[in-house]
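In what follows, a structure is listed as structure tokens, so that the remarks can point back to it.
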Amino acid sequence: MQKLQIVRAFQGGGRTVASNKRLVNDAPALKRADVGITVAGSSEVAMEAADLILLSHFSSIISGIRYGRLCFENLRKSILYLLLAGL
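For the sequence shown, the tail end lands on 89 under our numbering, and the numbers increase by one without skipping.
Right, dumping it as structure tokens:
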């Protein structure tokens, strides 16, 4: 329940919360978080409560964020170029 209280406290402050847990007692925090993350092989309850199930290590989240930011930046540059080229 302490993990659930931490998630609620951060959400109460207006923040977006991602929670990464593996055990049965972590399911309420996973469900309450904006994004619940667990790895394959975690408890069945945690995997049911999670929004995202990773097939490899948690470090793959960092790679995913990097690639997502790179794609976003490339789209932004392309849109800016197309807007300026049209003038």
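Quick reminder that beta carbons are idealized off the backbone N, C-alpha and C, glycines included. Values in this document were obtained by computation on a predicted structure and should not be read as measured data.
Positions of the alpha helix (DSSP H) runs, each at least 4 residues long and wholly inside the stretch 11 to 70, are given as 29 to 34, 46 to 51 in order along the chain.
Exposed is the label assigned to L85, since fewer than 16 other Cβ atoms lie within 10 Å of its Cβ. For T18, same chain residues with a beta-carbon under 6 Å away, outside a window of 5 residues either side, are D36 in chain order.
Burial is judged here by how many other beta carbons sit within 10 angstroms of a residue's own beta carbon; N22 has at least 16 and is buried. A42 is the residue among I64, G70, G15, A42 whose C-alpha sits nearest the C-alpha of I55.
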